[in-house]
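A.B. asks: Input: one structure, supplied below.
Number of protein chains: 2
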Amino acid sequence: MAENVPAGAPVTACLLIIGNEILSGRTQDKNLAFIGQGLNDLGIRLMEVRVIPDIEAVIVDTLNDVRRRFDYVFTTGGIGPTHDDITADCVAKAFGLPLIVNPEARAILEAHYEPGQLTEARLRMARTPEGATLIENPVSKAPGFQVGNVFVMAGIPNIMQAMFASLKHGLVGGQPLRSRTLRVEMGESFVADGLARLQERFPAIEIGSYPYTRNGAFGTRLVLRATDEALLDAAGVELESLVADLGAASAWEATPAGG
Amino acid sequence: MAENVPAGAPVTACLLIIGNEILSGRTQDKNLAFIGQGLNDLGIRLMEVRVIPDIEAVIVDTLNDVRRRFDYVFTTGGIGPTHDDITADCVAKAFGLPLIVNPEARAILEAHYEPGQLTEARLRMARTPEGATLIENPVSKAPGFQVGNVFVMAGIPNIMQAMFASLKHGLVGGQPLRSRTLRVEMGESFVADGLARLQERFPAIEIGSYPYTRNGAFGTRLVLRATDEALLDAAGVELESLVADLGAASAWEATPAGG
């Protein structure tokens, strides 16, 4: 748990994306990037993502592996009303807790549906492991939940985003990673040697090189990431001069949050 | 390896997406869905995806875990010319093989660049574990490679897709999973009970329910997946009548390959 992390150690997280439809390529995941950025803003580093199928044994084993190795675990998918929504069952099994119809969740659904409309299928969405804390869902009411360091969210992006907004105030992070991005109009192989030397001089900075092509021309985004703004500024000056010496046009880019 | 799979057992695959930029949310992955669909067309099921950072120990340990558990492992990312491209080094370590400048890869790069332009940084892209088989890259020449059941590809989508086209003829798959998709104009909770009964009657079919909203109205895509077309047709008839009995409008959708 985050509370036990020594001062200065990065706070870590793992995301489990649960669903056959992601693995088959039918559905393009849109949650990873949002969660990665959102966690980084809180000073929590997303260290691993696993996409796994709707198979109970796989979900239970994966949960038990990653909840011990990371400070926080987030899951998306598998908490709807249909037979293939088995995430709540799996979290209960992983923690060795009984699966119950959560009274608070039931009350939320009863208030939401017309009298008589809370069918058995819909009541599935009130099931949580015993003792779970609910995560509010302002979009469609059926809540997510938290057990220990595991946060269970919906897979539908706008609902997941609303749940993440509900839960994030309870997370304890460290220092957010800041970044600077220099877009350079040359292929990355030209700048590779200088970049390796810069990395040696600034071991506390994570230096990334991300090539792109635009209208057939090669370009590279050079990204500096660290928690220390002054260090980033110092490395940024050197990076700019390194690129200028190579005769390439470059420009600093606005960096998206978490980038 | 696929050759040792008992007849009828599904052929399985794992994808490792390597790169800090995916975990931070800076870059949206576009390779998972393409590979999931491409493998399914070959009768190979993508069973797990892991997104991991550019950290040698993590990459080596993950490779050694998944290459033993799945018939095929595919990796994307980390084979460019810069210091943060460490995938070749990690694959060599995982297999306990020396990392060499591959003579065939070197010849490809020498033929591609003008004399004197094959810099040390670019020569990094010719490094493979000893004994690796190259994967052709018709886009930008620097090849991917295969060692055992591990296929190492670039992260840039158009290059990855070209490499996948080069390597796929060498993969041995089973029966492709076929699917039928019925789009229903009602929330999934209405159809949930009938769907659970249908699933009980057709245990060999994977039945998925994927809600969506359009113009504020709830709808659901009901997906049947199996290798047996006749079985899918039979279940399709029952699904259509189940939905009609509920009074909902529905329509069969063209299904993307692999969906």
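So the protein lines, in turn, are chains A and B. In terms of this note's numbering, the first sequence is residues 3 to 261. In terms of this note's numbering, the second sequence is residues 3 to 261. Where a beta carbon is used, it is the ideal one built from N, C-alpha and C, also for glycine.
Quick check: is the beta carbon of R199(B) nearer than 7 Å to any beta carbon in chain A?
C.D. replies: no
A.B. asks: Anyone know if the C-beta pair for I20(A) and G80(A) falls short of 7 Å?
C.D. replies: Cβ atoms of I20(A) and G80(A): closer than 7 Å.
A.B. asks: Any Cβ of chain A within less than 7 Å of the Cβ of P12(B)?
C.D. replies: no
A.B. asks: Please list the partners that A35(A) has in chain B, where partner means a Cβ-to-Cβ separation under 9 Å.
C.D. replies: Within chain B, the residues near A35(A) are I24, S26, G27, R28, T29, Q30, D31.
A.B. asks: Quick one: give me the first and last residue of the beta strand (DSSP E) that R52(A) is part of.
C.D. replies: 46-54
A.B. asks: Is it true that the CB of E106(A) sits closer than 7 Å to the CB of L136(A)?
C.D. replies: yes
A.B. asks: In chain A, which residues lie with their C-beta within 9 Å of the C-beta of R69(B)?
C.D. replies: Under the 9 Å cutoff, chain A gives no residues; its nearest Cβ is about 16 Å from R69(B).
A.B. asks: For R124(A), write down the residues that DSSP places opposite it in a beta bridge.
C.D. replies: BP columns for R124(A) are empty, so no partner.
A.B. asks: Return the residue from the list T215(B), G40(B), P145(B), Y212(B) that minimises the CA-CA distance to G175(B).
C.D. replies: G40(B)
A.B. asks: Among the candidates R203(A), A94(A), F166(A), whose CA atom is the shortest distance from the CA of L234(A)?
C.D. replies: R203(A)
A.B. asks: Can we say the segment 90-106 of chain B touches the segment 122-140 of chain B, given the rule of at least three CB pairs closer than 8 Å?
C.D. replies: yes
A.B. asks: Measuring straight from C-alpha to C-alpha, what distance separates E58(A) and R71(A)?
C.D. replies: A straight-line Cα-Cα distance of about 20 Å links E58(A) and R71(A).
A.B. asks: Thinking just about the alpha-carbon of each residue, which of M162(B), E112(B), V62(B), L99(B) is nearest to the one in V141(B)?
C.D. replies: Out of M162(B), E112(B), V62(B), L99(B), M162(B) has the C-alpha closest to the C-alpha of V141(B).
A.B. asks: I need the DSSP call for S211(B), collapsed to helix, strand or coil.
C.D. replies: strand
A.B. asks: Identify, in the order they occur along the chain, each residue of the same chain with its Cβ nearer than 6 Å to the Cβ of R223(A), setting aside the five sequence neighbours on each side.
C.D. replies: The residues are T183, R185, Y212.
A.B. asks: So the alpha helix (DSSP H) I24(B) belongs to, where does it begin and stop?
C.D. replies: 22-25
A.B. asks: Return helix, strand or coil for A259(A), following the three-state DSSP convention.
C.D. replies: Confidence at A259(A) is low in this model, with a pLDDT of 46, below 50, so its placement is unreliable and the value that follows should be read with caution. In the structure shown, A259(A) sits in coil (DSSP, three-state: anything other than H, G, I, E or B).
A.B. asks: Alpha carbon to alpha carbon, how far is I54(B) from I61(B)?
C.D. replies: When rounded, the distance between both Cα atoms is 7 Å.
A.B. asks: Quick check on the burial criterion: 16 or more other C-beta atoms within 10 angstroms. Buried or exposed for V149(B)?
C.D. replies: Label assigned to V149(B): buried.
A.B. asks: Between the Cα of F192(A) and the Cα atoms of T78(A), E240(A), L244(A), which residue gives the shortest distance?
C.D. replies: L244(A)
A.B. asks: Tell me the DSSP secondary structure of I37(A) in three-state form.
C.D. replies: helix
A.B. asks: Check N6(A) in the structure and name its three-state DSSP category.
C.D. replies: Because N6(A) carries a pLDDT of 47, less than 50, the predicted location of this residue cannot be relied on, and the following value inherits that uncertainty. N6(A): helix per DSSP, three-state reduction.
A.B. asks: For chain A, find out if any of its Cβ atoms is closer than 7 Å to the Cβ of R182(B); answer yes or no.
C.D. replies: no
A.B. asks: Would V152(A) and G146(A) be called neighbours here (beta carbons separated by less than 7 Å)?
C.D. replies: no
A.B. asks: Can you check DSSP and say which residues form a bridge with P131(B)?
C.D. replies: L101(B)
A.B. asks: Measure from the alpha carbon of Q201(B) to the alpha carbon of each residue in R180(A), Y115(A), Y74(A), D87(A), then state which is nearest.
C.D. replies: D87(A)
A.B. asks: Starting from the Cα of T77(A), find the closest Cα among I158(A), H85(A), A236(A), Y115(A) and give me that residue.
C.D. replies: I158(A)
A.B. asks: Need the endpoints of the beta strand (DSSP E) that L234(A) sits in, please.
C.D. replies: L234(A) -> not in any beta strand (DSSP E); alpha helix (DSSP H) instead, spanning 231-247.
A.B. asks: L101(B) CB to nearest chain A CB: under 7 Å?
C.D. replies: No, because no Cβ of chain A sits closer than 7 Å to the Cβ of L101(B).
A.B. asks: Which stretch, first to last residue, makes up the alpha helix (DSSP H) that contains Q163(A)?
C.D. replies: 159-169
A.B. asks: Flag V245(A) as yes if its beta-carbon sits less than 7 Å from any beta-carbon of chain B, otherwise no.
C.D. replies: no
A.B. asks: Should A123(B) and D247(A) be called a contact, given that it needs their Cβ atoms to be closer than 7 Å?
C.D. replies: In this structure, D247(A) does not lie closer than 7 Å to A123(B) by Cβ.
A.B. asks: Among D63(A), P83(A), L120(A), which residue has its Cα nearest to the Cα of G98(A)?
C.D. replies: D63(A)
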